[in-house]
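> Pasting in a structure now, in structure tokens, and then I'll have a few things to ask.
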Amino acid sequence: MGEKRTIYMDHSATTYTRKEVLEAMIPYFTEHFGNPSSIYGIARDSKKAIDMARVQTAKALGADPDEIYFTSGGSESDNWAIKGVALANRKRGNHLITTQIEHHAVLHTCQFLEKEGFEVTYLPVDQYGLVDPLVLEKAITEKTILISIMYANNEIGTIEPIVELGAIARKHKVYFHTDAVQVIGCIPIDVKAQNIDLLSLSAHKFYGPKGTGALYVKKGVRIDNLIHGGGQERRRRAGTENIAGIVGLGKAIEMATADIPGHNAKIRSMRDRLIKGMLEKIPNARLNGHPEKRLPGNVNVSFEFIEGESMLLWLDDEGICASTGSACTSGSLEPSHVLLATGLPVEISHGSLRLTLGDANMEGDVDFVLEVLPKVVTKLREMSPLYQKSGKEGGCNVQ
Amino acid sequence: MGEKRTIYMDHSATTYTRKEVLEAMIPYFTEHFGNPSSIYGIARDSKKAIDMARVQTAKALGADPDEIYFTSGGSESDNWAIKGVALANRKRGNHLITTQIEHHAVLHTCQFLEKEGFEVTYLPVDQYGLVDPLVLEKAITEKTILISIMYANNEIGTIEPIVELGAIARKHKVYFHTDAVQVIGCIPIDVKAQNIDLLSLSAHKFYGPKGTGALYVKKGVRIDNLIHGGGQERRRRAGTENIAGIVGLGKAIEMATADIPGHNAKIRSMRDRLIKGMLEKIPNARLNGHPEKRLPGNVNVSFEFIEGESMLLWLDDEGICASTGSACTSGSLEPSHVLLATGLPVEISHGSLRLTLGDANMEGDVDFVLEVLPKVVTKLREMSPLYQKSGKEGGCNVQ
Amino acid sequence: MYSEKVMDHFKNPRNVGEIENPDGVGEVGNPVCGDIMKIFLKIENNIITDAKFKTFGCGAAIASSSMATELVRGKTLEEAWEVSNKAVAEALEGLPPIKMHCSVLAEEGIHKAINDYRKKHGLELWVEKNPHAHDHSEDPTSDH
Amino acid sequence: MYSEKVMDHFKNPRNVGEIENPDGVGEVGNPVCGDIMKIFLKIENNIITDAKFKTFGCGAAIASSSMATELVRGKTLEEAWEVSNKAVAEALEGLPPIKMHCSVLAEEGIHKAINDYRKKHGLELWVEKNPHAHDHSEDPTSDH
Ligand SMILES: Cc1ncc(COP(=O)(O)O)c(C=O)c1O
Ligand SMILES: Cc1ncc(COP(=O)(O)O)c(C=O)c1O
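This is the structure we're talking about:
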């Protein structure tokens, strides 16, 4: 695969660390390496750097700095938010509400809590992946202590009506958590205006380093610790701080939120051209997710009669980095739980492709994908026993 | 405090990241940044890098690579080991054994489990901080499912008889976890020969980056996940991998364990000269911890009649970075739980100083500290109402 | 994640296509599970003179079909019946553990096509020795 | 963590020492808690003409003793009694929340020394207005 250009269209899986971000981080490995809990000079430098990252993060979310807690990433933030609130509020009730299309960091945490005696309602979504606020409201019981609904879905890019959903939670005095891992830099966040009590984010989704995230916890929310130990993060998250990572997160969120409309306009125009081109050039293809309420960089299309991984391998051969479901499950044999929740038939969901655009892309990348992809689909369809050259009615020829 | 030289004697709190380690990490931020769960080329590079770090870590511990799980640090590893084993083995029993001198990452985790219905025995230690294997054996009941004893203490440097303690655990078929955060690069580890079932470590204690650690879990040990979600770390620890951090951990552990005897010889000779000099030059001072069974870099001395923080501030003024108890609690008003467990009176434990030597030190640093410290102690004693110039009998003049 | 051999057979699959008027056909798998293999055999004098396939599935499924058809060509039916999933996986220089079922599918496809032929010719159907004898064990040369 | 003013009073503490034949002495705190302050006052015509201290404690404890003795010098006993812990902390340009108790200790030390004087002179002892009135609140200018 030699010297070919790499076209990275998997920004929802992870992003590179921006140059400016890495540069901001470097001094904290070797020079200002002191443990921020110590009192001497070099430790005070680390402490100041963390304080600054906290201010940057708070500003990007419309929060107070002392509502921001740094973690090791989106998964830890999700685990902490959900287990922490569940355990701390057990006396008030044992019912949680989430959706069928959450990331596994939320779903598996909820399943863990079910084993511990909690009850969880997994809300359905419509064909576009949208949660219906009325359905949420009906699901709330006297025992509901937490609602956790993602801001936007990582696979199909659907943006949920968070403000409305949060307002319902608030009306019923139930804590509202949102997994905003995919939206930082794409949707302006204002936790106060948007009725959010807890919010998870992860730096490597917005050109920051991997292994660093944050949880916003509104002042007054009752939450247990997930990682117990030393007094870091105002006694709420133990462990010597990943100073360089935190500095990187702060810098990255500042840069990612500096001009969201400008960033989105550029990405969205590439995305729309890509979707249009794919659907025009390739028959028996359908767009997953919502046509408008979708992340600016997200393209998710299903191609009948073929399987996703073999598409990825061919695209990789052409230097195109893409994914099927979410990256974490692409080693798996199960079809995407998100696509199934939108009602897509299992056999078709196997043939879905996710391309997520971001700062690494240029218009030419779109052209190249539109040139390569139809050939790949044709090649695979030609060897598929499901594909009848006669046309669409090929369908699924189950034994 | 301007242009003065900084003498870093707080290696147990954290270390700088070694130059070679940082260099190994850099490409994984910007170039090989792919999500290792993906299948395309750049993601395979990340995957390979993680595999290599796993091999390096396994080798340093005498473990198999697939017994190593990367985490966000020592605290997470401790939390995971203890909660994970406790929850997964609840049916067999609800009793845990640990010691009174563990790091808070262990102690607070155990306290959390006590709230969840587990019973915990906190073993006492002798005046040197040693756990008595006979006392451990007596504490084991039919319900004991986990014994967690640190390899060496972070405050007083005492090295526990881990091999013997582990053998007792094995004899009684109880899982044995050790917090080895302080010993990597100081004591050769061989988990098989040393009867260890679970072992926590943290990269920033051996010249690796902060925010990365590992948990060794012997094959077959029943353990629940702590962070649920994606399938990373063979489905045991969710979250997009901190690739750069993991690469740094691998490189750091390889370098730290390449020549342990040589490293220790150098550090130990500085340590011994420092201890000897301090005790000779400063009256009413006593060494905490064991005279021989102690970490090569650890010096922990109590000075009567004065308080630790004011010592630290004066030392900082001279460019010397030191600590009182462990870094995480140095913002706290409580005297060290470790010193109290060794039987040191509270008022004296307030006046203790920890100096931990490491690769940043040279012989000249020892001379400088031996020159400065006696003056600091004298100055503070002169303003202490507890100090009677007449001599030792001053003692503690409690109201 | 895949060996070079797998990638070679994925990118340059041997024997793709259908055989007109095949002597035996076997279709296995299920689109719901994400893979279907259809094996076509030409059989003359108890010998497989041609083998082709069509496959809907992942890289490993395509490579396994390609390799399996390669392996049975020129063999007697008895010999072809003995081509195990393990043999397919080994010929591919290993498959990741979660992909071992693809080689199983290929073995089953061949068996089904052979029995299709035997049925058409009024011969007694051969039975799988032990449906659980397929080697699903982890392949130490690969990882997932 | 400490303001410049705290560091100045810690590094160059004013009024360290004992007063020979003091008119009032107050010792407060407890070595078990990690701080003891002993305040010595020289009082002439109801006015504090000299104040000294000896302190066992952290940086904030030493700085608070230094500042408190500075603040009461030259004051009448009535005025000195009104020097609150908050005044001490403010004069130090703030103390970290977990260190506010050091300023409380300083106030108490002064009070105790004044009452020691009053007792020696057969005067009625003054009582703390409200033992809980000390300002322990978080100081927004600092952090811990
Ligand atoms: C003995 C011991 N255990 C656990 C930890 C926690 O490690 P970390 O701060 O990397 O989470 C530390 C250090 O802070 C330690 O010294
Ligand atoms: C929506 C969503 N939530 C949570 C996560 C988990 O974040 P991380 O991998 O940083 O732990 C991801 C990404 O993997 C995600 O897309």
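Residue numbers (my numbering), protein chains in the order written: chain Z, 1 to 399; chain A, 1 to 399; chain F, 1 to 144; chain V, 1 to 144.
A virtual CB, placed ideally from N, CA and C, is assigned to each residue, including glycine.
#1: Counting only beta-carbon separations shorter than 7 angstroms, does A:Tyr-16 have a partner in chain B?
#2: Using a C-beta cutoff of 7 angstroms, does A:Lys-210 count as contacting chain Z?
#3: Just checking Z:Thr-405 against ligand 1 - is the residue's beta carbon closer than 6 angstroms to any of the ligand's heavy atoms?
#4: Taking the C-alpha atoms as reference points, what is the distance between F:Asn-45 and F:Leu-71?
#5: Is any non-hydrogen atom of ligand 1 found closer than 6 angstroms to the C-beta of A:Gln-182, if you look at the structure I gave you?
#6: When you compare the CB positions of A:His-228 and Z:Thr-121, do they come within less than 7 angstroms of one another, or not?
#7: Measure the alpha-carbon distance for V:Ala-113 versus V:Ala-106 and round it to whole angstroms.
#8: Assuming contact is defined by CB atoms lying nearer than 7 angstroms, are A:Thr-57 and A:Ile-260 in contact in what I supplied?
#9: Cβ of Z:Ala-105 versus every heavy atom of ligand 2: is any distance shorter than 6 angstroms?
#10: Do you know whose CA, among A:Tyr-216, A:Gln-194 and A:Gly-248, lies nearest A:Phe-206's CA?
#11: According to a CB-to-CB cut-off of less than 9 angstroms, which residues of the region 47-60 of chain F neighbour chain Z?
#12: Starting from Z:Ala-199, find everything on chain A with Cβ-Cβ shorter than 7 angstroms and list it in chain order.
#13: Closer than 8 angstroms by beta-carbon distance: list the chain A residues that pair up with Z:Phe-305, in chain order.
#14: Residue range of the beta strand (DSSP E) that V:Tyr-117 falls in?
#15: With DSSP collapsed to three states, give me the class of A:Phe-112.
#16: Rounded to a whole number of angstroms, what is the C-alpha to C-alpha distance between Z:Phe-305 and F:Cys-33?
#17: What are the residues in the region 284-316 of chain A lying within 9 angstroms of chain V by C-beta distance?
#18: What are the start and end residues of the beta strand (DSSP E) that includes V:Glu-93?
#19: If you check the beta carbons only, do F:Phe-53 and F:Thr-69 fall under 7 angstroms apart?
#20: Does any residue of chain F have a CB that is nearer than 7 angstroms to the CB of Z:Val-120?
#21: Return the residue from the list A:Ala-167, A:Val-338, A:Arg-381 and A:Lys-379 that minimises the CA-CA distance to A:Pro-124.
#22: Does DSSP classify A:His-337 as helix, strand or coil?
#23: Apply the 10 Å Cβ neighbour rule to Z:Arg-234 and answer buried if 16 or more other Cβ atoms are within range, or exposed otherwise.
#24: Taking the C-alpha atoms as reference points, what is the distance between V:Ala-80 and V:Ile-110?
#25: Just to confirm my understanding: we take V:Asn-115, look at its own chain, exclude 5 residues before and 5 after, and list those with CB closer than 7 angstroms. What are they?
#26: Any idea if A:Met-25 is buried or exposed, counting beta-carbon neighbours within 10 angstroms, 16 or more meaning buried?
#27: Could you list which residues in chain A have their beta carbon closer than 8 angstroms to that of V:Asp-35, in chain order?
#28: Using three-state DSSP, classify A:Ala-327 as helix, strand or coil.
#29: Examine ligand 1 and report whether any of its heavy atoms sits within less than 6 angstroms of the Cβ of A:Asn-154.
#30: For chain A, check one thing: does any of its Cβ atoms lie closer than 7 angstroms to the Cβ of V:Val-16?
#31: Going along chain Z in order, which residues have a C-beta closer than 8 angstroms to the C-beta of A:Ile-156?
#32: Can you name, in chain order, every residue of its own chain whose Cβ lies under 7 angstroms from the Cβ of A:Arg-92, other than the five neighbours on each side?
#33: Look at the alpha carbon of Z:Glu-292 and the alpha carbon of Z:Lys-143, and state the distance between them as a whole number of angstroms.
#34: DSSP on Z:Asp-45, reduced to helix/strand/coil?
#35: Taking the C-alpha atoms as reference points, what is the distance between A:Asn-288 and A:Phe-303?
#36: According to DSSP, A:Thr-121 sits in a beta bridge with which residue or residues?
On the basis of the data shown:
#1: The chain labelled as chain B is not found among the protein chains of the depicted structure, namely Z, A, F and V.
#2: Yes, A:Lys-210 counts as interfacial toward chain Z.
#3: Past the boundaries of the shown model lies residue 405 of chain Z; chain Z is included only from 1 to 399, so the question cannot be answered.
#4: One alpha carbon belongs to F:Asn-45, the other to F:Leu-71, and they sit about 18 angstroms apart.
#5: Relative to ligand 1, the beta carbon of A:Gln-182 is positioned inside 6 angstroms of a heavy atom.
#6: Using a Cβ distance threshold of 7 angstroms, A:His-228 and Z:Thr-121 do not count as a contacting pair.
#7: Straight-line Cα distance between these residues: approximately 11 angstroms.
#8: In this structure, A:Thr-57 keeps its C-beta atom at 7 angstroms or more from the C-beta atom of A:Ile-260.
#9: Yes, ligand 2 has a heavy atom inside 6 angstroms of this Cβ.
#10: Ranked by how close their Cα comes to the Cα of A:Phe-206, the residues A:Tyr-216, A:Gln-194 and A:Gly-248 have A:Gly-248 in first place.
#11: Within the region 47-60 of chain F, the qualifying residues are Phe-53, Lys-54, Thr-55, Phe-56, Gly-57, Cys-58, Gly-59 and Ala-60.
#12: Correcting the residue type first, residue 199 of chain Z is Leu in the shown sequence and not Ala. In chain order: nothing, as chain A lies at least about 17 angstroms away.
#13: Near Z:Phe-305 there are no residues of chain A at all, since even the closest Cβ is about 21 angstroms away, more than 8 angstroms.
#14: Unbroken run through V:Tyr-117 is the alpha helix (DSSP H), 100-120; no beta strand (DSSP E).
#15: DSSP places A:Phe-112 in helix when its eight states are reduced to three.
#16: If you take the alpha carbons of Z:Phe-305 and F:Cys-33, they lie about 13 angstroms apart.
#17: If the cut-off is 9 angstroms between Cβ atoms, the region 284-316 of chain A has Phe-305, Ile-306, Glu-307, Gly-308, Glu-309, Ser-310, Leu-312, Leu-313 and Trp-314 near chain V.
#18: Here V:Glu-93 belongs to no beta strand (DSSP E), and DSSP marks it neither H nor E.
#19: For F:Phe-53 and F:Thr-69, yes; Cβs fall inside 7 angstroms.
#20: Not closer than 7 angstroms to any Cβ of chain F, the Cβ of Z:Val-120 fails to qualify, so no.
#21: Residue A:Val-338 is the option with its Cα nearest to A:Pro-124.
#22: Here A:His-337 sits in helix by DSSP.
#23: Exposed: under 16 other Cβ atoms inside 10 Å.
#24: For V:Ala-80 and V:Ile-110, the distance between alpha carbons rounds to 8 angstroms.
#25: These residues qualify, in order along the chain: Leu-125 and Trp-126.
#26: A:Met-25 comes out buried.
#27: What V:Asp-35 touches in chain A: Glu-307.
#28: Any reading at A:Ala-327 must be qualified, since the residue scores a pLDDT of 46, below 50, and its modelled position is unreliable; the value itself is stated next. Correct three-state label for A:Ala-327: helix.
#29: Relative to ligand 1, the nearest heavy atom lies less than 6 angstroms away from the CB of A:Asn-154.
#30: The beta carbon of V:Val-16 sits closer than 7 angstroms to some beta carbon of chain A.
#31: Against chain Z, the beta carbon of A:Ile-156 has no neighbour under 8 angstroms; the closest one sits roughly 17 angstroms away.
#32: For A:Arg-92, where only same-chain residues beyond five positions count, the Cβ hits under 7 angstroms are Ile-145.
#33: A direct Cα-to-Cα measurement between Z:Glu-292 and Z:Lys-143 gives close to 35 angstroms.
#34: Helix.
#35: For A:Asn-288 and A:Phe-303, the distance between alpha carbons rounds to 11 angstroms.
#36: Answer is A:Ile-97, bridged to A:Thr-121.
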